[in-house]
Every structure is written in structure tokens, then in C-alpha cells.
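Chemist: Questions regarding the structure given below will be posed in turn.
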Ligand code: FA5
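Numbering (my numbering), first residue to last: 82 to 432.
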């Protein structure tokens, strides 16, 4: 019986030395230590032995079992380490000293033009105000003289939340809050209100080359004693000549907005077609860019300002349309497309 143990040990050593991977090792483990394995089989042959022999042989078989299990465990570790080495050898080499080739991204053209407008107006003493996109019916309509059921609401259908709030359809929604914010400084200290407030607007309307359901406006307001249409025209002209850095043909025509009196439409000669007419300007040669007018007395009153003492102008620049004209973009929808290849071409040094 003892010879059998020696024989088995020698055979196991030989087979173990020839093993190449974990699958082969598992086969050997089952062949020696499994329920029907060779080592387990040795114990079954003990029946013919005397009690004394059984004891010493059983001890030796158990020792053998321990040796075989230990060597299999060592071999498992060795093979696992080899597999990790193999995987590492297959990995591409990293050179941490190579500079990263990261794309820095670029500013959206609307951001670029908005910042340019902000610079122009701040250089003329205007403050830049930030305002919410979700507003109340009062802010968006009633506070700018558009009561419930007023027909002017038809031109600005928007998206309503279940709590009655809405996505603002015009930056004019901030007028009342801004008048209230600065009225004390105006009345008590004689500081004129001069503010611009750019913002995203939403309208539930069919889209085409010059209409989007989500677009940007930049509103502006100036209130003081003796503010007149001349002041309004001066600021509009200065802003456009600074943005375009060249002479631009504009026209001023009467326009109706319940929150201004008188009200105007300031149109820009279409820079896509040079005024000949194209789909971007609805074939008229002109693009509505910046409605404006003298702030309605009722709006001033709702803002806490006495219209008998103060007057002011307001304008609502179509910022997204200004971007179209500045960069010659014929379809407004390109600006919301998320197409980075198209948008990245407007990157300047800031990008
Ligand atoms: C208004 O929104 C007024 N709140 C503007 C205003 C402010 C008038 C202060 C007087 C005093 P209007 O709906 O016309 O007006 O929009 C103003 C500008 O926003 C338009 O001239 C146009 O340039 C732009 N605009 C309007 N609707 C869209 C749209 N769906 N897509 C892109 N631009 C738009």
C-alpha cells in the first residue's frame, strides 16, 4: 500500500509540472481529490488491512491529501499571476508625459453675441440683470398691461405648468421686478434706471427659418425724468453699429405692444439676402429685430413709479435673430441643433 502512495505522489508531481492553465489544473484536482479521485480511492482499499495498518496508512493518505491540496493551491496562484502578466503585456503602453489632446469646446454663438451686447450696454452705464425662466402670469402679462383675455396674449402662447406658472414668452416678464428693484434709488437719489436683461424665451408656435419655440431676447429699459424717443433711437443705433461694426440699414415703423405707447418695430435689412427677399426674412427683405417704445404709464405705475414725473423707453431685442444676422445663419434652427461642427466655427479667442 505504501508503494501505491509513492507511485501516486510521483505521478501527481509529473502531471502538475506539465499543467499550462487553470482549466487543466482543475481537471487534475478533480482526478486526485474529487469524490471519485485517486487519493480518495486509496482510502477505500483499506478494508483488507489490520486495525494497526489502517491507522498508519490512513494517516499517510491524509498527509498525501494535504500535500496534493497545498501544491494545487500554489500552482493556482502561480497560474493566476501568469495570466495577469499576459494581460498586462497585451495592454497599450502609457506615457504619462505626453500632453493630453483635449478639445476645449467653444462658446455658443448666442453666448458670444450676448456678452458683446452686455459689454456695449455696461459701457453706457446699464446694469445686467438675470431673471427666472419660469414666471407667473402676473409677471409675464398682467404687470406689462396685458390683462387676462387681452387679444395680445394670442401672439404669445407659451408652455404652462400644472401649478399655473409658465415659461416666459418674453423678457418683458422681468420689467415689473426691475422697476420695483430700482425705484427707490430713482425717486430718492435721482439715479436713472438703466438695465438690460437677456434671457431665454419660449413660445408654443410653429417653427420655420426665423421662428423657434425656444429663443433668446435681450430686453432693455431706461427710466428717468425727460426720457424721450430720441434717447431710445440713440441707444438702438449705438448698439447695432457696435455689434455689426459697420453701417446697417434699419427702419422704424409703428408697432403695437400694450406695454409701450407709442410703440415701434425696429427692422433690420436682411443680411442673408442683402434685402432682396429670402426664406429667412419671409421674402420681405426686412427682419423684425427689436420692437421698442416709450414705457406705458400703467406699467410704470404698476412698478411703483409716478408716470407724471418719470418717463422711459424699453426695447426687446431678438437676440437669436441678431446672431443670425451677424453670422449669416439662414436657418434659426441651426442654433438649437446641438451640431457642434456647425456651432464650433464661431469660436473666437475666448473659446
Ligand atoms: C416682444 O416679445 C416684446 N416683449 C418686445 C418689446 C419689449 C416691445 C419692450 C416693446 C418694448 P415680439 O413678440 O415681437 O415682442 O418679440 C421680440 C423679438 O423677439 C422679435 O422682433 C424677434 O426678433 C424675436 N422673436 C419673437 N418670436 C420669436 C421666435 N419664435 N423665434 C425667434 N425669435 C423670435
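Beta carbons are placed, not taken as given, at the ideal position from N, Cα and C, and that holds for glycine.
Predicted, not measured: the structure shown is a model, and the values here were computed from it.
Take every Cβ of the region 298 to 305, pair it with every Cβ of the region 253 to 268, and state whether three or more of those distances are shorter than 8 Å.
Modeler: Cβ pair count under 8 Å is three or more, so yes.
Chemist: May I ask whether a heavy atom of the ligand FA5 can be found less than 7 Å away from the beta carbon of residue 392?
Modeler: no
Chemist: Which residues share a DSSP beta bridge with residue 185?
Modeler: Paired residue(s): none; residue 185 is not in a bridge.
Chemist: What does residue 275 pair with, by DSSP beta-bridge criteria?
Modeler: DSSP lists 303 as partners of residue 275.
Chemist: Measure the alpha-carbon distance for residue 172 versus residue 166 and round it to whole angstroms.
Modeler: 10 Å
Chemist: Using a Cβ-Cβ distance cut-off of 8 Å, determine whether residue 232 contacts chain D.
Modeler: Although the question refers to chain D, the structure presented lacks it and comprises just one protein chain.
Chemist: What are the boundary residues of the alpha helix (DSSP H) that residue 259 is part of?
Modeler: For residue 259, the enclosing alpha helix (DSSP H) stretches over residues 256 to 270.
Chemist: Return yes when the C-beta of residue 292 is under 7 Å from any heavy atom of the ligand FMN, and no when it is not.
Modeler: Judged by which ligands are present, the ligand FMN is missing from the structure shown, whose ligands are the ligand FA5.
Chemist: Sorry if obvious, but does the Cβ on residue 378 come closer than 7 Å to a heavy atom of the ligand FA5?
Modeler: No, since every heavy atom of the ligand FA5 falls outside the 7 Å radius drawn around the Cβ of residue 378.
Chemist: Quick test of your reading: residue 282 and residue 247, contact by CB under 8 Å. State the CB separation rounded to the nearest angstrom.
Modeler: Between residue 247 and residue 282 the Cβ distance is about 11 Å, and since that is not below 8 Å, they are no contact.
Chemist: Does the Cβ-Cβ distance between residue 370 and residue 333 come in under 8 Å?
Modeler: no
Chemist: Give the C-beta separation of residue 339 and residue 231 to the nearest angstrom, bearing in mind that I take them to be a contact with Cβ-Cβ under 8 Å.
Modeler: 7 Å
Chemist: Say yes only if the C-beta of residue 199 is nearer than 7 Å to one or more non-hydrogen atoms of the ligand FA5, and no if none qualify.
Modeler: No; taking the cut-off as 7 Å, the Cβ of residue 199 has no heavy atom of the ligand FA5 nearer than that.
Chemist: Since residue 332 sits in a beta bridge, which residues does DSSP pair it with?
Modeler: 348
Chemist: Please classify residue 118: does DSSP put it in a helix, a strand, or coil?
Modeler: coil
Chemist: For residue 410 and residue 404, what's the separation of their Cα atoms in angstroms?
Modeler: Rounded to the nearest whole angstrom, the CA to CA distance from residue 410 to residue 404 is 8 Å.
Chemist: Taking the beta carbon of residue 320 as the centre, do at least 16 other beta carbons fall within 10 Å, making it buried, or is it exposed?
Modeler: buried
Chemist: Helix, strand or coil for residue 198 per DSSP?
Modeler: Correct three-state label for residue 198: helix.
Chemist: What first and last residue would you give for the alpha helix (DSSP H) that runs through residue 169?
Modeler: 132 to 171
Chemist: State whether the region 238 to 253 contacts the region 387 to 397, with contact taken as three or more CB pairs (one from each stretch) at a distance under 8 Å.
Modeler: Contact holds: three or more Cβ-Cβ distances are below 8 Å.
Chemist: In this structure, how does DSSP classify residue 280 when only helix, strand and coil are distinguished?
Modeler: strand
Chemist: Residues in its own chain within less than 6 Å of residue 123 by CB, not counting five upstream and five downstream?
Modeler: By the criterion of a C-beta distance shorter than 6 Å, residue 123 is surrounded in its chain by 142, once the five residues flanking it on both sides are discounted.
Chemist: List the whole-angstrom C-beta distance separating residue 358 from residue 365, where the pair is believed to meet the contact cut-off of C-beta under 8 Å.
Modeler: 6 Å
Chemist: Report yes if the CB atom of residue 351 is closer than 8 Å to the CB atom of residue 360, and no otherwise.
Modeler: Not closer than 8 Å, so no.
Chemist: Mind the definition here: the region 268 to 281 touches the region 205 to 217 only if three or more C-beta pairs lie below 8 Å; say whether that holds.
Modeler: Proximity of the region 268 to 281 to the region 205 to 217 meets the contact definition, three or more beta-carbon pairs being nearer than 8 Å.
Chemist: Measure the Cβ-Cβ separation of residue 393 and residue 274 and say whether it is below 8 Å.
Modeler: yes
Chemist: Whole angstroms are fine: how far does the CA of residue 161 sit from the CA of residue 132?
Modeler: 43 Å
Chemist: Give the DSSP-derived three-state secondary structure of residue 369 in the structure shown.
Modeler: strand
Chemist: Does the distance from the CB of residue 249 to the CB of residue 214 come in under 8 Å?
Modeler: yes
Chemist: Give the C-beta separation of residue 368 and residue 402 to the nearest angstrom, bearing in mind that I take them to be a contact with Cβ-Cβ under 8 Å.
Modeler: Residue 368 to residue 402, Cβ: 6 Å. Contact.
Chemist: According to the Cβ coordinates, are residue 86 and residue 145 closer than 8 Å?
Modeler: yes
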